[in-house]
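Enquirer: With the first letter of the sequence shown counted as 1, position 158 gets the number 159 in my numbering; the numbers rise by one all the way through. Beta carbons: idealized from backbone N, C-alpha and C, even for Gly. All figures in this text were calculated on a predicted structure; none of them were measured in a lab.
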Amino acid sequence: MAMSQTHELDLHTAEKFARIALSHVELEYPHKPGFVFGSRDDVRSPRETHPVFFGSYDWHSCVHGYWMLARLLNRFADLPAAPEIRELFERRLTSDAIAREVALFERPESRGFERPYGWGWLLKLAAELEVMEERRFADILRPLSRLVAGGFQEFLPLASYPVRVGTHFNTAFAIRLAADYGTAINDQTLVDLLRATAVRWYGEDRDCPAWGEPSGDDFLSSALTEAECMRRLLPIEAFAGWFSRFLPRLAERRPATLFSPASVSDRSDGKIAHLDGLNLSRAWCFRSLAVALAVNDPRHTVLQAAANRHLAASLPHVAGDYMGEHWLASFAVLALEA
2 MAMSQTHELD LHTAEKFARI ALSHVELEYP HKPGFVFGSR DDVRSPRETH
52 PVFFGSYDWH SCVHGYWMLA RLLNRFADLP AAPEIRELFE RRLTSDAIAR
102 EVALFERPES RGFERPYGWG WLLKLAAELE VMEERRFADI LRPLSRLVAG
152 GFQEFLPLAS YPVRVGTHFN TAFAIRLAAD YGTAINDQTL VDLLRATAVR
202 WYGEDRDCPA WGEPSGDDFL SSALTEAECM RRLLPIEAFA GWFSRFLPRL
252 AERRPATLFS PASVSDRSDG KIAHLDGLNL SRAWCFRSLA VALAVNDPRH
302 TVLQAAANRH LAASLPHVAG DYMGEHWLAS FAVLALEA
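1. Just checking my contact of M324 with D270 at CB under 8 Å: how many whole Å lie between their CB atoms?
2. How big is the Cα-Cα spacing for A173 and A160?
3. Return the Cβ separation of F220 and H275 in integer angstroms, given the expectation that the two are a contact with Cβ distance under 8 Å.
4. Between the C-alpha atoms of T95 and V132, what's the straight-line distance to the nearest angstrom?
5. Using the C-alpha atoms, what's the distance from S289 back to H51?
6. Check whether the region 146-155 and the region 199-215 are in contact - that is, three or more C-beta pairs closer than 8 Å.
7. In the DSSP assignment, the alpha helix (DSSP H) including E338 goes from what residue to what residue?
8. Please determine, among L312, V319, A320, G321, the residue with the shortest C-alpha to C-alpha distance to L337.
9. What residue range does the alpha helix (DSSP H) around V265 cover?
10. Look at D11 and K33 and say whether their C-beta atoms are less than 7 Å apart.
11. With distances taken between CB atoms, is the gap from L145 to I176 smaller than 7 Å?
12. Given a cut-off of 7 Å, decide if Y182 and H128 are closer than it, judged by their beta-carbon atoms.
13. Under 6 Å from any heavy atom of the ligand MG, does the C-beta of A293 make it?
14. In whole angstroms, what is the alpha-carbon distance linking M4 and H25?
15. Identify, in the order they occur along the chain, each residue of the same chain with its Cβ nearer than 8 Å to the Cβ of L80, setting aside the five sequence neighbours on each side.
16. Give the single residue among F38, L23, A257, A239 whose Cα lies nearest to the Cα of V64.
17. How is M231 classed by DSSP in three states: helix, strand or coil?
18. Between which two residues does the alpha helix (DSSP H) carrying L89 extend?
19. What are the complete alpha helix (DSSP H) segments, minimum 4 residues, inside the region 174-259?
20. Could you check what DSSP says for V292 in three-state terms: helix, strand or coil?
21. Is the distance from the Cβ of E110 to the Cβ of V37 below 7 Å?
22. Within this structure, are the beta carbons of Y118 and H169 separated by less than 7 Å?
23. If A314 sits next to I21, beta carbons under 8 Å apart, how far is it from one beta carbon to the other, in whole angstroms?
24. Please report the residue range of the alpha helix (DSSP H) in which E1 lies.
25. Keeping to the same chain, check which residues put their C-beta closer than 8 Å to that of L191; ignore five residues upstream and five downstream.
26. Would you tell me roughly how many angstroms separate the C-alpha atoms of W328 and I186, rounded to the nearest one?
27. May I ask you to report which of helix, strand or coil DSSP gives P158?
28. Quick one: residues in its chain with C-beta nearer than 7 Å to the C-beta of R310, no 5 flanking neighbours on either side, listed in chain order?
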């Protein structure tokens, strides 16, 4: 996929990404289920189980496919795919369908369903719908978004420890996305809980070695995602001190492992294809963190250059094989919009 050297999201690229998502958010198979069956009655087709988010291979990928479509619709008034996106939302985002999604979450066996990754993305989608011209879609989603926000409020006080892996269970990524929702609906209680949790989990971290990065299944950088979470939730002065302690040799491009884009040997393998997502999510973090620094701070240039290298490594591979195609564009938009 051709991109400008500045790696910015333009109308041409947005249209390509929108077409990718429109091609799979209603594609029922292949499908990977992610919940516990309580009885034989729970064995149903994806479309019957998830009346809205049944496509895109799995529930969470479908959710962030919808997020990306909403984001592109908000971002580009002249997006050629806009009528199809609106028609999709009219068809799928209905009160009855969302009520059935809520019912799935309310099953006793679903207590941990999509926690925390899918929870974070659902709230990210809700935040984007809040600023759409068609505000009724946010209203329609609200029973589910409130339920998921309530899940965070119940779960976070019980979570004694963070999860620092580079996959779906990473807690920093989820609460980072949830913070956008809390801000969008002006839920200060939720934002305060997310901030207090981040400080409790990560506030004392020092001199991060990033020694486990990358592993063969990563699509998130444990180190950079934690830093981006803290950037989003801390006051700027508090973040500046924490960041200097967390990555004290960043200006020297240390730890070195963070600055080398991951090599992807087989994009038809779903796990190995995660590494394209690692490159894109690192780029998102690098660019977001750079914004928190003064332009004359040497770390600013280091972070921007690292972002560009990671984008160049994986933007050309957003489409091509379904193992990446069903989700990578969302991460590309995160990075390009940072």
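Expert: This is what the structure holds:
1. 7 Å
2. 12 Å
3. 4 Å
4. 18 Å
5. 33 Å
6. no
7. 329-338
8. L312
9. Here V265 belongs to no alpha helix (DSSP H), and DSSP marks it neither H nor E.
10. no
11. no
12. Per the sequence shown, the amino acid found at residue 128 is Ala instead of His. Yes. Within cutoff.
13. Although the ligand MG was asked about, the structure shown includes no ligands whatsoever.
14. Unreliable placement is indicated for M4, whose pLDDT of 44 sits below 50; the coordinate value is still reported in the next sentence. Rounded to whole angstroms, M4 to H25 spans 23 Å at the Cα level.
15. L12, A15, E16, A19, L73, L74, I86
16. L23
17. helix
18. 83-93
19. 189-203, 223-234, 237-247
20. helix
21. yes
22. yes
23. With 8 Å as the limit, A314 and I21 do not qualify as a contact, their Cβ atoms being about 19 Å apart.
24. Outside the shown range of the chain, which is 2 to 339, sits residue 1, and nothing can be said about it.
25. A150, F153, Q154, A179, Y182, G183
26. 26 Å
27. helix
28. P262
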